[in-house]
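Protein chains in written order, with our numbering: chain A, 17 to 283; chain B, 1030 to 1277.
Note that CB positions come from ideal geometry on N, CA and C, so glycine has one too.
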């Protein structure tokens, strides 16, 4: 079964959706969208370093994503507005990464694969790494769910309940770095944040509890992967962006549907 | 043993001295109100006692296994987060549905368990926050301007509720307030803060203290005074020995 590249692609996408669904909800709730973007863009720098030092791309991107997340946390509250800090870091990391790649000797890197993903080229080994990483993130969020939710509501409230919000922030930062590393292959650095935010945002229109929203985001992510692969197959479109396009369409339909439903109920 | 004790507490944020030389204790079952003008550091003091901000200097001791019920001043819930009341009450520890319903009934909002937090009115919201704090069977309730945004009768009934809860459960109550004319009467002890502890003692002692008058003038009069008058007789029974708490 795993011999079929399309099956591997779908399974890899589904695995990533399992992690990005609940993590994406926290990104939405905590208004970390730009934070996710900055971490994801830094992945290109990770790719350059990984190729330069001949280490695994997965490890390279994860390390740089982690460093990026730490730098953001340190710089936050140093006088600049958060979105300015993130704007500087996100685009600098991307630019540094692109420049760094061009310095690599004897390597002709096809950057499109890293910028937009290459889900159809997922190998058995890639699939194992992606599944492992996603399972790690899902497990982490499952384990910390209640504490994460409390810390998201209010850090003071968390403190009063004996939860260290800094620790929960760390959990999310770690989860984000792992997700960036595993999702790079699926949708590429430029669209990872889309995979986090769009399914979660679409799920908001359907869900009436945090847990339901997490599950719905996974479902919408899974459907987007499937739909995007079909689109890519039938119309020969790039697969990563196609997945995001399907997710965006679901968001549009669910937003419109929710508004319509609310109007009907109000009558 | 005291529930929370602070000795020589000082707080600095970015080199700016917010609090200094704070000695503070609160005993089991005591109602203590921290009052102070805006920027006096009263909320910072509460947050330090809560353990949110580490003290720059000094030491804070909490009783072992102290259960804190915290009611924040405001709780902003992102519109992207769908949060039913029942789910909120179960954060972070899962509560039984019967216990949740009892807590909601106790704070006077029995029917809201099926609602979403976003649909509650300001008064209902504060009461749900209080219900959540009570579900943890706290030794001490810590309230940061819990009545901000409530109208005058709303404030009165909220503070009445706090008093009733104290009487029933015996938990201590530490609240921060700037509407001191309302809260003062309900307190065993009032601590007037402005960077340091200016004066401290029974409500009528503090009200008469020159340090307090220097900070707040002679009050707002009118409607607030009416309410304060209304409640004065009820709380004089609190037979606390305030001498031991006087600021030295």
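Can you pull the chain A residues whose beta carbon is under 7 Å from the beta carbon of residue 1138 of chain B, in chain order? Result: empty, since nearest Cβ-Cβ is about 19 Å, beyond 7 Å.
8 Å Cβ cut-off: residues of chain A touching residue 1121 of chain B: 162, 163, 165, 166, 174, 177, 179
Using C-beta distances below 8 Å, list every residue in its chain close to residue 1095 of chain B, excluding the 5 sequence neighbours before and after it, in chain order. 1032, 1033, 1168, 1169
Provide the residue span of the alpha helix (DSSP H) that contains residue 1047 of chain B, from first to last. Segment 1045 to 1055 is the beta strand (DSSP E) holding residue 1047 of chain B; no alpha helix (DSSP H) there.
Report yes if the C-beta distance between residue 237 of chain A and residue 274 of chain A is below 9 Å; otherwise report no. no
When burial is assigned at 16 or more other CB atoms within 10 Å of the CB, is residue 255 of chain A buried or exposed? buried
Does any residue of chain B bring its CB to less than 9 Å from the CB of residue 86 of chain A? no
Mind checking the region 1093 to 1113 of chain B against chain A and listing, in chain order, the residues whose C-beta falls within less than 7 Å of any C-beta there? 1097, 1099, 1101, 1104, 1106, 1107, 1109, 1110, 1111, 1112, 1113
From which residue to which residue does the alpha helix (DSSP H) around residue 1183 of chain B run? 1181 to 1198
Between A:82, A:78, A:91, A:226, which has its C-alpha nearest residue 165 of chain A's C-alpha? A:226
Quick check: the Cα distance between residue 1251 of chain B and residue 1244 of chain B, rounded to an integer number of angstroms? For residue 1251 of chain B, the predicted model reports a pLDDT of 36, less than 50, meaning its position is unreliable; a value from the coordinates is still stated below. Answer to the nearest angstrom: the Cα atoms are 19 Å apart.
When the Cα atoms are used, what is the spatial distance from residue 173 of chain A to residue 110 of chain A? 37 Å
Applying a beta-carbon distance threshold of less than 7 Å, which residues of chain A neighbour residue 1196 of chain B? None at all; the shortest Cβ gap to chain A is about 23 Å.
Write down every uninterrupted run of the alpha helix (DSSP H) in the region 219 to 274 of chain A whose length is 4 residues or greater and which is fully enclosed by it, in chain order. 226 to 251
At which residues does the alpha helix (DSSP H) containing residue 1092 of chain B begin and terminate? Neither: residue 1092 of chain B is in no alpha helix (DSSP H) and is coded neither H nor E.
Residue 1207 of chain B - DSSP class collapsed to helix/strand/coil: coil
In angstroms with no decimal places, state the Cα-to-Cα distance between residue 1171 of chain B and residue 1191 of chain B. 11 Å
In its own chain, which residues sit with a C-beta less than 7 Å from the C-beta of residue 30 of chain A, not counting the 5 before and 5 after it? 238, 241
I need the DSSP call for residue 1102 of chain B, collapsed to helix, strand or coil. coil
If you drop the 5 nearest sequence neighbours on each side, which residues of the same chain put their C-beta closer than 8 Å to that of residue 28 of chain A? 135, 138, 142, 143, 146, 147, 201, 202
Compare the C-beta of residue 1081 of chain B with all C-beta atoms of chain A and state if any pair is closer than 9 Å. yes
Against chain B: residues of the region 19 to 41 of chain A by CB proximity under 7 Å: none
May I have the straight-line CA-CA distance separating residue 1122 of chain B from residue 204 of chain A, to the nearest angstrom? 38 Å
Check whether the Cβ atoms of residue 1051 of chain B and residue 1204 of chain B lie closer than 9 Å to each other. no
Mind pulling the chain B residues with CB within less than 7 Å of residue 48 of chain A? The premise fails here: residue 48 of chain A is roughly 11 Å from chain B at the closest Cβ pair, so nothing lies under 7 Å.
From the DSSP secondary-structure annotation, give me the bridge partner or partners of residue 1062 of chain B. B:1204, B:1219
Between residue 97 of chain A and chain B, is the shortest Cβ-Cβ distance under 9 Å, so that the two count as touching? no
Would you mind stating whether residue 120 of chain A and residue 34 of chain A have Cβ atoms separated by less than 9 Å? no
Under 9 Å by beta carbon: chain A residues contacting residue 1171 of chain B: 176
Measuring alpha carbon to alpha carbon, tell me which residue in A:19, A:283, A:38 is nearest residue 159 of chain A. A:38
Could you spell out where the beta strand (DSSP E) holding residue 1230 of chain B opens and where it closes? 1225 to 1230
Pairs of beta-carbons, one from the region 54 to 68 of chain A and one from the region 84 to 104 of chain A, closer than 8 Å: are there three or more? yes
Residues of chain B with a CB under 9 Å from the CB of residue 223 of chain A: which are they? 1111
Please list, in chain order, the chain A residues whose beta carbon lies closer than 7 Å to that of residue 1116 of chain B. 225, 226
Opening and closing residue of the alpha helix (DSSP H) in which residue 86 of chain A lies: 73 to 91
Can you name the start and end residues of the beta strand (DSSP E) that residue 1148 of chain B belongs to? First-last for residue 1148 of chain B: undefined, no H or E at that position.
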